[in-house]
């Protein structure tokens, strides 16, 4: 049913996925849940954030991904407010996650514990 | 509450903080208060920006302006000009040394950063359990291009021209490996992904499989097309349950989309992938042992030739590559061999992922172009040594590698330089040791591992490593004699020369390299029976300085074996024969009267 029948169709679907992913209107939160992340409690943070967003009536997409390699600061999460550059936070516990929801996600106010992008990535 | 107008991010990385970053934060806050802006502007301290040599770094949002080399005194101007008038402080902008252009925003700085992510491009970015996200990030585009626009020989030429070398340890040119498998005619061939990551402290393969499994699946299909194979096998250790689960999901989704299976994207090419589980034996990372293990036999290596490319899995031509090697393939196809060959050093192209571990601040994964120096890796990206201790050595290549010392800090890391330095690339584990680590014990630790992991097939490895370990044990217990050191070295060389596979041929490396670089430590152990790093318990002596001892008897009471004697208010004495060196007395003593010597 889902079969991609030709290279052209792959291109077409890719364009569709890109559009869907880049829709500018929703806040995106990525929780990095590789083995290092989960060993430091990322799953708990993932569940906490999903629950709290729902409780507080905030519309946002929560995505579980692999780790970024910041083992020294796990669990890490990334917050992207539409139109702004993504911000990664390290050592996120429930208190910090709450802070991030209240300050960053609601008010666009940065919280301590940011891990800036310290690398270049191929595009 | 009023919404914040401006936010100032100050780098709190070790290097920037050392350069008065803390004072800068205080000054910024004072300036903001002085101008009654504290409710509109927020100063936050962040982690490292990866621009350490330009620090301290300040970033101001909105606008993402980056100021470099900011001094505490600059706070006034930043607030007065940038924050209050929206006017950029030109003199604090960084000028690109090559183009002479002023760099303003964070995006301009990308090329100034030490890390370059090719293999880790999608890790932490995409949802690994959602193939749509992977496709949106270019997954399977390279495969589609290969299947429609290229002949197998074209693909092999691109991989050869790119200069990609196997990331699993040996550094064999990937293109040549593919070409040999391509030339060997057979009705059936196999592509194997070696995900049997076994070096202590290395976890880059796991992270790639957990974060971006489609990168590996796609590259295996590309390899299958190039060498003429229809089946791919991923050999992964069962200790990686999350990676296995995500791989399974990824394979199922790719099949559902017709990106694996028969007639991929209607091109007539068929390729499917199966997962084979390993039991986590280190030797199974060696390709012949790996193949035997997949066939259901004992995971023991056999003599090469025949190489797997001639006779591998089930006697058919088999191409074995490591996870990281596969993860580099798609970008090479999409961006071209020249692009890849422009990164890295003359003989080692592209990037390498390292797993930083040990006494380093930023433990984790990093990816840097080949040729980055050890100093940049440890002191800039890695944030330096924990607790401000002194750097002593870095072990690369795990139990098969050797240690690099202070003298190697400026050495550009690539396959050949590491070999020259008496170590090897290995899979990319980089364990950092500080002044408190005893190098004899470090060598013993790695020998512990190889003795445990030796498959036992050949005598030099099975017996030799055991004897090496015993000698090291002897030395760390203070029973060694100077002649042991030459015996040690001799035995290492014999094991290296006569072992069957890579495991035994490289297992003496940690001993040889510590012996070479830290001879004085070995000497101290066997001559004066002292461990300079104070790690070898049997060589330590707890000693009471009579002048400091007030005779409070606190140590006498805490000693579990009654080794301390002495009258009240008289200096005490530790009986070395009885003392078990537990350290309980030293913790209790309030007068610093007990020392280790």
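Residue numbers (the working numbering), protein chains in the order written: chain A, 14 to 136; chain B, 772 to 1368. Beta carbons are placed, not taken as given, at the ideal position from N, Cα and C, and that holds for glycine.
Checklist entry - Applying the criterion that 16 or more other CB atoms from any shown protein chain within 10 Å of the CB defines a buried residue, is residue 803 of chain B buried or exposed? => result Reading the second chain from its first residue, position 32 is the one you call residue 803 of chain B. For residue 803 of chain B, the number of other beta carbons within 10 angstroms of its own is at least 16, and it is reported as buried.
Checklist entry - Between residue 982 of chain B and the rest of its own chain, which residues show a CB-CB distance below 7 Å, the 5 nearest in sequence each way excluded? => result Locating residue 982 of chain B in the second chain gives position 211, where the first residue counts as 1. Taken in chain order, the residues that qualify are 893, 894, 895, 899.
Checklist entry - Counting only runs that start and end within the region 1135-1218 of chain B, where is the alpha helix (DSSP H) found for 4 or more residues in a row? => result Whole alpha helix (DSSP H) segments, 4+ residues: 1186-1191.
Checklist entry - Tell me which same chain residues have a C-beta within less than 7 Å of the C-beta of residue 882 of chain B, skipping the five on either side of it? => result Numbered from its first residue, the second chain carries residue 882 of chain B at position 111. Cβ-Cβ distances below 7 Å link residue 882 of chain B to nothing in the same chain once the five nearest sequence neighbours on each side are left out.
Item to check | Beta-carbon proximity list for residue 798 of chain B, same chain, < 7 Å, skipping 5 on both sides | outcome: The sequence position of residue 798 of chain B within the second chain is 27, counting from 1. Cβ within range, chain order: 843, 846.
Checklist entry - Relative to the C-alpha of residue 80 of chain A, which residue among A:66, A:71, A:56, A:62 is closest? => result Taking the first chain and counting its residues from 1, the one referred to as residue 80 of chain A is at position 67. Among A:66, A:71, A:56, A:62, the Cα nearest to that of residue 80 of chain A is on A:56.
Item to check | Nearest-angstrom Cα separation, counted from residue 1322 of chain B out to residue 1286 of chain B | outcome: Position 515 of the second chain holds residue 1286 of chain B. Position 551 of the second chain holds residue 1322 of chain B. Computed Cα separation, rounded: 44 Å.
Item to check | Cross-chain neighbours of residue 1134 of chain B in chain A, by beta carbon under 7 Å | outcome: Counting from 1 along the second chain, the entry for residue 1134 of chain B is found at position 363. What residue 1134 of chain B touches in chain A: 84, 85.
Checklist entry - Are the beta-carbon atoms belonging to residue 1064 of chain B and residue 1001 of chain B less than 7 Å from one another? => result Against the second chain, residue 1064 of chain B aligns to sequence position 293. Against the second chain, residue 1001 of chain B aligns to sequence position 230. For residue 1064 of chain B and residue 1001 of chain B, no; Cβs fall outside 7 Å.
Item to check | Beta carbon proximity, residue 53 of chain A to chain B, threshold 7 Å | outcome: Counting from 1 along the first chain, the entry for residue 53 of chain A is found at position 40. Residue-level contact by beta carbon fails for residue 53 of chain A and chain B, as no gap is shorter than 7 Å.
Checklist entry - For residue 132 of chain A and chain B, any beta-carbon pair shorter than 7 Å? => result To locate residue 132 of chain A, count along the first chain from 1; it is residue 119. Closer than 7 Å: yes.
Item to check | Collapsed DSSP secondary structure at residue 1250 of chain B in the structure displayed | outcome: Here residue 1250 of chain B is taken as the residue at index 479 of the second chain, counted from 1. Correct three-state label for residue 1250 of chain B: coil.
Item to check | chain B residues whose Cβ lies nearer than 7 Å to that of residue 78 of chain A | outcome: The residue labelled residue 78 of chain A in the question sits at position 65 within the first chain. Here the neighbours are 895, 896, 897, 898, 899, 982.
Item to check | Chain-ordered neighbours of residue 1027 of chain B on chain A, where CB pairs are closer than 7 Å | outcome: In the second chain, the residue the question calls residue 1027 of chain B occupies position 256. Taking a Cβ-Cβ threshold of 7 Å, the residues of chain A close to residue 1027 of chain B are 15, in chain order.
Checklist entry - Does the distance from the C-beta atom of residue 781 of chain B to that of residue 860 of chain B stay below 7 Å? => result For the purposes of this step, residue 781 of chain B is identified with residue 10 of the second chain, where counting begins at 1. For the purposes of this step, residue 860 of chain B is identified with residue 89 of the second chain, where counting begins at 1. Result no, Cβ atoms of residue 781 of chain B and residue 860 of chain B do not sit closer than 7 Å.
Checklist entry - If we count the other Cβ atoms within 10 Å of its Cβ and call it buried at 16 or more, is residue 1095 of chain B buried or exposed? => result The count along the second chain starts at 1 and reaches residue 1095 of chain B at position 324. Of the other Cβ atoms in all chains shown, 16 or more fall within 10 Å of the Cβ of residue 1095 of chain B; this residue is therefore buried.
Next on the checklist: With a threshold of 6 Å on Cβ separation, who are the neighbours of residue 934 of chain B within its own chain once the five nearest residues in sequence on each side are excluded?
Outcome noted: Taking the second chain and counting its residues from 1, the one referred to as residue 934 of chain B is at position 163. Sequence-distant Cβ neighbours of residue 934 of chain B in its own chain, meaning closer than 6 Å and more than five residues away, are 1112, 1120.
Checklist entry - In three-state terms, what does DSSP make of residue 29 of chain A? => result Along the first chain, one-based indexing puts residue 29 of chain A at 16. Per DSSP, reduced to three states, the secondary structure at residue 29 of chain A is helical.
Checklist entry - Among B:1160, B:850, B:1259, B:864, which residue has its Cα nearest to the Cα of residue 827 of chain B? => result As a working note, residue 827 of chain B is residue 56 in the second chain. Considering only alpha carbons, the answer is B:864.
Item to check | Contact set between residue 128 of chain A and chain B, taken where Cβ atoms lie within less than 9 Å | outcome: Numbered from 1 along the first chain, position 115 holds the residue referred to as residue 128 of chain A. Within chain B, the residues near residue 128 of chain A are 817, 818, 819.
Item to check | Through-space distance from residue 1093 of chain B to residue 914 of chain B, alpha-carbon basis | outcome: As a position in the second chain, residue 914 of chain B is number 143, starting the count at 1. As a position in the second chain, residue 1093 of chain B is number 322, starting the count at 1. For the pair residue 914 of chain B and residue 1093 of chain B, the Cα-to-Cα distance works out to about 19 Å.
Checklist entry - Taking only runs of the alpha helix (DSSP H) that begin and end inside the region 1274-1343 of chain B, which ones reach a length of at least 4 residues, in chain order? => result For the region 1274-1343 of chain B, whole alpha helix (DSSP H) runs of length 4 or above, ordered along the chain, are 1280-1288, 1290-1297, 1325-1329.
Item to check | Of the listed residues B:787, B:1201, B:1197, B:1138, nearest to residue 1164 of chain B (C-alpha basis) | outcome: Position 393 of the second chain, counted from the start, is the residue given in the question as residue 1164 of chain B. Taking only the C-alpha atoms, the option nearest residue 1164 of chain B is B:1201.
Checklist entry - Nearest chain D C-beta to residue 1160 of chain B closer than 7 Å, yes or no? => result No chain D is present in this structure, whose protein chains are A and B.
Next on the checklist: Between the alpha carbons of residue 50 of chain A and residue 985 of chain B, how many angstroms are there, rounded?
Outcome noted: Numbered from 1 along the first chain, position 37 holds the residue referred to as residue 50 of chain A. Numbered from 1 along the second chain, position 214 holds the residue referred to as residue 985 of chain B. The alpha-carbon atoms of residue 50 of chain A and residue 985 of chain B are separated by roughly 20 Å.
Item to check | For residue 1125 of chain B and residue 1206 of chain B, the rounded distance between their alpha carbons | outcome: Locating residue 1206 of chain B in the second chain gives position 435, where the first residue counts as 1. Locating residue 1125 of chain B in the second chain gives position 354, where the first residue counts as 1. When rounded, the distance between both Cα atoms is 22 Å.
Checklist entry - Can you list, in chain order, the residues of its chain whose CB lies under 7 Å from that of residue 1212 of chain B, leaving out five sequence neighbours each side? => result The residue given as residue 1212 of chain B occupies position 441 in the second chain. These residues qualify, in order along the chain: 1247, 1306, 1307.
Checklist entry - Can you tell me whether residue 1347 of chain B is buried or exposed, with buried defined as 16 or more other CB within 10 angstroms of its CB? => result If you number the second chain from 1, residue 1347 of chain B lands on position 576. Exposed, by the Cβ-count rule.
Next on the checklist: Just checking: is the beta-carbon of residue 88 of chain A within a distance shorter than 7 Å of some beta-carbon in chain B?
Outcome noted: Along the first chain, read from residue 1 onward, the residue named residue 88 of chain A stands at position 75. Residue 88 of chain A does not count as touching chain B.
Checklist entry - Expressed to the nearest angstrom, what Euclidean distance is found between the alpha-carbon atoms of residue 1140 of chain B and residue 1169 of chain B? => result Counted from its first residue, the second chain places residue 1140 of chain B at position 369. Counted from its first residue, the second chain places residue 1169 of chain B at position 398. Cα to Cα, residue 1140 of chain B sits roughly 20 Å from residue 1169 of chain B.
Checklist entry - Expressed to the nearest angstrom, what Euclidean distance is found between the alpha-carbon atoms of residue 1253 of chain B and residue 1129 of chain B? => result On the second chain, position 482 is the one that residue 1253 of chain B refers to. On the second chain, position 358 is the one that residue 1129 of chain B refers to. The alpha-carbon atoms of residue 1253 of chain B and residue 1129 of chain B are separated by roughly 30 Å.
Checklist entry - What are the partner residues of residue 1125 of chain B, as DSSP defines its beta bridges? => result Here the question's residue 1125 of chain B lines up with position 354 in the second chain. Answer is B:1137, bridged to residue 1125 of chain B.
Next on the checklist: I'd like to check one pair, residue 1084 of chain B with residue 969 of chain B: are the Cβ atoms closer than 7 Å?
Outcome noted: Walking along the second chain from the start, residue 969 of chain B turns up at place 198. Walking along the second chain from the start, residue 1084 of chain B turns up at place 313. No; because the gap between Cβ atoms is not below 7 Å, this pair is not in contact.
Checklist entry - In chain order, which continuous runs of the alpha helix (DSSP H) of length 4 or greater are located wholly inside the region 1051-1137 of chain B? => result Runs of the alpha helix (DSSP H) inside the region 1051-1137 of chain B: 1058-1065, 1094-1106, 1108-1112.
Next on the checklist: Please list, in chain order, the chain B residues whose beta carbon lies closer than 8 Å to that of residue 109 of chain A.
Outcome noted: Taking the first residue of the first chain as position 1, residue 109 of chain A is located at position 96. Correct list: empty, because the minimum Cβ distance to chain B is about 13 Å.
Checklist entry - Hey, residue 1058 of chain B and residue 1091 of chain B are a contact pair by Cβ (cut 8 Å); roughly how many whole angstroms apart? => result The residue you call residue 1058 of chain B lines up with position 287 of the second chain. The residue you call residue 1091 of chain B lines up with position 320 of the second chain. Cβ-Cβ separation between residue 1058 of chain B and residue 1091 of chain B: approximately 4 Å, consistent with a contact (criterion under 8 Å).
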